[in-house]
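Trainee:
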Amino acid sequence: MEINIPMPDDFNYKRTVRSHGWYELLPFELDEERWTLTRVLEVGEGQPVTARINAGNRAINVSVPRRLTKRAVERITRDVRHIFRLDDDMKDFYEAVGSDADFDWIPKQGAGRLLRSPTVFEDLVKSICTTNCSWALTDKMVTGLVKNLGRESEDGRRSFPTPEAMAEAPSEFYREEVRAGYRAPYFKELAERVASGELDVESWATSDLPTDKLKREMKRVKGVGDYAAENLLKLVGRYDVMALDSWVRAKYARMHNNGRAAKDKKIERHYSRFNSWRGLALWCDMTRDWME
DNA sequence: GCGTCCAGGTCTACC
DNA sequence: GGTAGACCTGGACGC
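Per the working numbering, the very first residue in the first sequence carries number 1; after that it's consecutive.
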């Protein structure tokens, strides 16, 4: 069956899909020729469903291989809206960057929506998987989690594991199968805290806490330091943080500092005129050439 | 084939 | 609050 979800006029499907590396990590898969984004989604009690997503003229088209209940359709619609941030109001951001010659391409192209997972838990686990390793190892760790602990859809693909499924797996599994190394106990502990209800990470998406307090909360999770917390803050819609990592520092050096390393303070100053949008302006600047 | 470095960093102990 | 050293993995690189 097909589900059509209206999209805002300023929404750029391709820019959003390739807004950062998440589209390369299971349970996302991108067909770069057809621009079909495949994603295994949970629909509640029943078996997960493999959704094939593409963009039409005015709506996002979601194709699923079986007829779903009204409740399941509502859940998929909610997830797709969340993943592509269709409800984000980009007006203020576009106004902030639109009058700057180096950034006016952003509103013109409809960039700035960062692809995210259906749950904060998944974004959090994946953020930990990006720390202190190559992208190839991040991919390997996420693949290990999904293939071993995810629930199977009808075509054999798997969903992202729930906190409960991750809590049941022993620490050795994370070390030996997922190849998570020193992160192994962090995954186990995080999953147990979330599954037991002690830690509600989904509330971070709608939290009223100021950014610095929310960041402190996030950093109480083992394995989450400044970079991972700030990356996650961007994914929950807080753009007054930079999330500087070695990739951004190297890219900034190439783009704006004649190939020489720049101090973090200097990078922050470069985008400070965008105030609460500085983190998003930075990321758009760094990834401008991804679609050129 | 082997050793070293480091990648989309974080934790702990110590000052 | 700031910093040094340890920490898993695996690909790239030099020898």
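Where is the CB? At the ideal position from N, CA and C, for every residue including glycine.
Tell me where the alpha helix (DSSP H) around L86 begins and ends.
Mentor: Segment: none, L86 is in no alpha helix (DSSP H) and carries neither H nor E.
Trainee: What does the Cβ neighbour count give for D89, buried or exposed, with the cut at 16 atoms within 10 Å?
Mentor: With fewer than 16 Cβ atoms within 10 Å of its Cβ, D89 is classed as exposed.
Trainee: When the Cα atoms are used, what is the spatial distance from F121 to D102?
Mentor: Going by the C-alpha atoms only, they are around 35 angstroms apart.
Trainee: What separation, rounded to the nearest whole angstrom, lies between the Cα atoms of T162 and N258?
Mentor: If you take the alpha carbons of T162 and N258, they lie about 45 angstroms apart.
Trainee: Verify whether the separation of the beta carbon atoms of T36 and D155 is less than 8 angstroms.
Mentor: No, the pair does not count as a contact, with Cβ atoms beyond the cut-off.
Trainee: If you run the structure through DSSP and keep just helix, strand and coil, what is R113?
Mentor: In this structure, R113 counts as coil in the three-state DSSP scheme.
Trainee: Relative to the alpha-carbon of P48, which residue among L86, S153, V146 and K219 has its alpha-carbon at the smallest distance?
Mentor: Out of L86, S153, V146 and K219, S153 has the C-alpha closest to the C-alpha of P48.
Trainee: What is the residue span of the alpha helix (DSSP H) that A296 lies within?
Mentor: In the structure displayed, the chain extends from 1 to 292; residue 296 sits before or after that span and is not available.
Trainee: Name the one or two DSSP bridge partners that F28 has.
Mentor: Answer is R39, bridged to F28.
Trainee: Do F84 and R58 have their C-beta atoms closer together than 8 angstroms?
Mentor: Contact: no.
Trainee: Please give me, in chain order, every unbroken run of the alpha helix (DSSP H) with length at least 4 that falls completely inside the stretch 95–170.
Mentor: Correct list: 105–109, 120–129, 135–149 and 163–168.
Trainee: Please list the segments of the alpha helix (DSSP H) lying wholly inside the stretch 204–251, counting only runs of 4 or more residues, in order along the chain.
Mentor: Segments of the alpha helix (DSSP H) lying fully in the stretch 204–251: 211–218 and 226–235.
Trainee: Whose C-alpha, out of K14, L26 and G44, is nearest the C-alpha of R34?
Mentor: With distances taken between Cα atoms, R34 lies closest to K14.
Trainee: Between the alpha carbons of R151 and D289, how many angstroms are there, rounded?
Mentor: So the alpha carbons of these two residues sit roughly 36 angstroms apart.
Trainee: Is it the case that the stretch 4–14 contacts the stretch 73–87, given that we only count it when at least three CB pairs across the two stretches are under 8 angstroms?
Mentor: Yes, they touch.
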